[in-house]
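Let me begin by presenting the structure, written as C-alpha cells, before commenting on it.
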Amino acid sequence: MAKKIETDELTGEIVTPNIEPGATAHYKPNLAAQEHNESLGFPGSKIEGWEEKAIGRMGELLSKYRSLKVYMDTCVRCGSCADKCHYFLGTGDPNNMPVARQELMRKVYRRYFTPGGKLLPGLSGAEDMTGKMLDEWFSYFHQCSQCRRCSVYCPFGIDTAEVSMAARDIMNSVGVGQKYCNEVLGKVLDVGNNLGMEKPALANTLEFLEEDVEEESGVAVRYPLDEVGAEVLLIAPSADFFSSPHIEGFTGYGKVFHEAGVSWTVSSYASEFANFGMFVGNFETMRKVAQRIVDAARELKVKRIIVGECGHAWRVGYSFWNTLTGPFDFLDPKHRTPTHICEFTLDLIKRGVIRLDKSANDDLNVTFHDSCNVARGSRMGDKPGGQFDIPRELIRSVCNNFVEMDQDTIREFTYCCGGGGGLLTDELMELRVKGAMPRAQALHEVMERNGVNTMAMICAICKAQFTKVLPSYGIGMDVVASVHQLVSNAIILGGNRGV
Amino acid sequence: MSGLSALSLVYIALCYGAAAVFITGLVVKFYGYAATPAPLKIPTTPAPTTVPGVIARLAGEALFFTSLFKGNKWTWAGGYLFHATLALALLRHLRYFLVPVPDIVAMAGPPGVWAGALMTLAVVYLYMRRMTVDRTRSISLFADYFALALIGLIGLTGLIMKFAIRTDVTAVKGFIMGIVTFHPVNIPPDILFLVHLPWRWF
Ligand code: SF4
Ligand code: SF4
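So the protein lines, in turn, are chains V and D. Heads up, the first sequence is in our numbering, so the first residue is -10 and it goes up one at a time. Heads up, the second sequence is in our numbering, so the first residue is 200 and it goes up one at a time.
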C-alpha cells in the first residue's frame, strides 16, 4: 500500500466520534465490467432511463419482501442504532450511521411510494432518484458489511443489512454492479469456487496437504476429492484450500474425519461454501450458487452435508438453504442439513471418539471473535445461542487458556471484522481498516490485560480481513487463528476408534 | 343538523375526517403487510425457538422496549416515560368518551393528571435531545420535530385547562359524545380546547 492509513490509537476504549459529514463520500468500490454483469443476467452497463427502471425494481422488491416494506415505513429516527455501526465508529461519516444509510433509500421510497412524499416532498424528506443519489447509494451501500449489529438495538428490529441488499439488487438491475462481488459470482457459477480454481489445481492442493500432514505426523490422513459414495460431503469456503490460517483449519477438518473414521469428500463441482448472492441481495443468484451444492451431493451420493468455517455462508446454509434448494430428503434424516463442522467435532469430543492433548495449545492464550452472520443470522445445535456456546465449548475442550473480550463486543453484540458483505477488496482498504477499529480495541484490551495472543474465529472473511488489517493497528497477523486449527494442534492422531 | 355553528361544523368535519384517514390508513397498511410475502427466514438471532418464546420476545419489545434499552439508556428513559404517561393520560381521557365511566377509567383520573404533566416534560426532553445530540440532529426530519411539538402543545393546553383556566368539562363531554354517537352538537368555544383537540388529526 502506498499510503499509510490513519488509525485510531489503541486504548481499549471504543469512543463514539463526532459526526463529520462527507468524510467517506469518496470511498467507492470499483464498477463491475460488462461481462461480469451480463454473466449474472444483469445489464452490462448503466441503462437508458435507469431512474425509472430502478424505481420499478424497488416496487418489485417492496411487493416481494415484507421486511423491506416494514423497514421503509417504521423508522422513527430515534438514533438508537446510530452509534452501533463499526463503520460509523471508525469514520465519523454520518451517512454510515445505520439510520442515515437507510434514509438514503427511504428518501426515494417516500418520493415514489408514499402520498406525503408525492404531494409534499420538501416537508416529508422525500427526494428524487437522481445521478447524485445513485452515487451516494453506490458509495454508502458499499460501506455496509450487512452485519446486522444495528438491528439488535433498533426498537423495531429494522435491519440495515436487508436495506443494503435491496439497494445493491436495484443497482445491479440497472447495470451498476460492484466489480468484486459480480466477478466472484461469475467464477463460482462457472468453475465452482470464488477463486476460479479448476479441478487439477484443487486436486494438487489436496494431495500436497496429505503429504504435509503425513510428513509432520507420520499418519496418512486423507483429503479426498470427488469420491462417489463417501458418507459426508464437506463444503468449505475456498480460501480454506490455500490461505493461512484457513488451511490450518481445513487440515483440522481432515484430522477430525480421520479420527472419527467417517468417509468424506470435497467436490470439485461445488468447491465453495461462500455465497455472495446474499451480498448482492439477489434471490435467484443466491439460489443458483446454493443449487450447485445440492447437485454435487446427489451426484456423489453422500448421506450428509457438513460445512466448514464460513460466516455468511453459514447464515445462507442454516437460514436459507431449505427455502432456496430444499427439501434435503435425499440425505440421511438423522442429521441436520447442513451440519456445522463445529457441531460435528464437539459431538465427537463429547462422546470420547477423538482423543486430545490440550497441552499442545498451552503456548496459546485464546479469545474468540464471534462472526457477525453466525451470531445474528443463524444458530447452531438445538438451543438459542448455540452459535455462541458451541464454538466456545469446542475451544475450551482443546485449549487450556481462554479469555472473553469485552461484553459489548461479543456474542449478539459482536462487531463485524470490517471486511464482510462483499467489501473484502483492495480499493476499500481504508474503509476496512477503519471499520476494524472496534474489534481492534477490544482485542487490544485483552492482549494487554490477559496476555491474549490468539484470536480464533470461524469465518473465512474474518480471517482474511484481520490478517490484512490488524497490522495497521500494530497487531501481528499471527494472532488470527481458525478454530479447527486449535483442534488440529490438540488432536492425537492414530487412535482411530471410529464413531 | 340545524343550529350548528360554522366553527362546530369545521371541527366536526375534521374529527370524522381524521378518524376516517386514521382507520383507512391502518387497514391499508396492515393489509399491505399481510399480503406481502416473507420468503426468507430473517429474524435477528439469537431468536427463541418456541412459540411462547416468540411471544415473550415480542411482548418485551412492545411493553418494555428491550432493544432500545440495550441501545441507548437515555432515549429509552425519555421514551418510556413518555409512552407510559401517555397511556395513562389517554386512559383517563376515556371518561369523555364513555357513559357510564368504567371503574378503571375513574381510577386513572388523579394519576392521569400527573401523567399528563410528566408526559409534557418527557416530550420537552425528547425534543431537546433530538436537537442537541449531533447524530440525531443530523437525521431528524421536519415531521419528527413536528410530532413532538404537537404532542407537547396538547399536553400543555390540557394542563392549563386542568390547573389554570378551567374549561367547561360537561360541555366538552357533550361534544365528544355527540361525535361518538353520530349526533354532533356545538363545540364549546374555548380556545384552549380548540387547540387541545386536534391530536387525532395527526
Ligand atoms: S434504531 Fe431503528 S427506529 Fe431508531 S433510528 Fe435506528 S432504524 Fe430508526
Ligand atoms: S448492518 Fe452492520 S455495517 Fe450495515 S449499517 Fe448495520 S451495523 Fe453498519
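Where a beta carbon is used, it is the ideal one built from N, C-alpha and C, also for glycine. Values in this document were obtained by computation on a predicted structure and should not be read as measured data.
The contact set of CYS361/V on chain D, defined by CB atoms closer than 8 Å, is empty, because the minimum CB distance reaches about 11 Å. Going by beta carbons, ILE159/V and ARG46/V fall inside the 8 Å limit. In the displayed model, LEU340/D falls within coil according to three-state DSSP, outside both helix and strand. Cβ-Cβ distances below 7 Å link GLU187/V to VAL180 in the same chain, with the five nearest sequence neighbours on each side left out; the list follows chain order. Checking the DSSP bridge columns, you'll see MET444/V partnered with THR356/V and VAL469/V. Taking a beta-carbon distance threshold of 8 Å, VAL226/D does not count as an interface residue toward chain V. The alpha-carbon separation between LYS272/D and LEU78/V amounts to approximately 19 Å. Contacts with chain D at 8 Å (Cβ-Cβ) do not include ARG325/V.
With a 10 Å radius around the Cβ and a threshold of 16 neighbouring Cβ atoms, ASN26/V comes out buried. Bounds of any alpha helix (DSSP H) do not take in VAL221/V; it lies within the beta strand (DSSP E) bounded by 221 to 224. Counting only runs of 4 or more residues that sit fully inside the segment 163 to 229 of chain V, the alpha helix (DSSP H) segments are 168 to 179 and 188 to 206, in chain order.
With a threshold of 7 Å, the Cβ atom of GLN135/V counts as near ligand 2, since some heavy atom of the ligand is closer than that. Taking 8 Å as the cut-off, the Cβ atoms of LEU29/V and THR356/V do not count as close.
In this structure the segment 146 to 159 of chain V does not touch the segment 254 to 264 of chain V; the number of beta carbon pairs closer than 8 Å is below three. By the rule that beta-carbons nearer than 8 Å mark a contact, ASN7/V touches chain D. Straight across, the Cα-Cα distance linking LEU225/D with VAL342/V is about 59 Å. Near chain V, meaning a CB-to-CB distance below 7 Å, the residues of the segment 327 to 353 of chain D are VAL332, ASP333, ARG334, THR335, SER337, ILE338, SER339, LEU340, PHE341, ALA342 and ASP343. The beta-bridge partner set that DSSP reports for PHE362/D is empty.
As a beta-bridge residue in DSSP terms, VAL296/V pairs with ILE224/V and HIS329/V. Between the segment 314 to 327 of chain D and the segment 42 to 60 of chain V there are fewer than three C-beta pairs closer than 8 Å, too few to call the two in contact. Close to PRO247/D, with beta-carbon spacing below 8 Å, are these residues of chain V in chain order: PRO373. Between the beta-carbon of GLN167/V and that of PRO18/V there is about 5 Å, and that keeps the pair under the 8 Å contact cut. The CB of LEU262/D never comes closer than 7 Å to any CB in chain V; the least such distance is about 12 Å. Short note on TYR215/D: C-beta not closer than 7 Å to any heavy atom of ligand 1. Residue nearest to ILE224/V within the set LYS121/V, LYS107/V and TYR212/V is TYR212/V (criterion: CA-CA distance).
Apart from the 5 residues on each side of it in sequence, PRO247/D sits with its Cβ closer than 6 Å to the Cβ of VAL253 and ARG256 in its chain, given in chain order. Counting of Cβ neighbours within 10 angstroms places TYR142/V among the buried residues, the total reaching 16 or more.
With distances taken between CA atoms, ASN161/V lies nearest to VAL269/V out of GLU204/V, PRO226/V, LYS244/V and VAL269/V.
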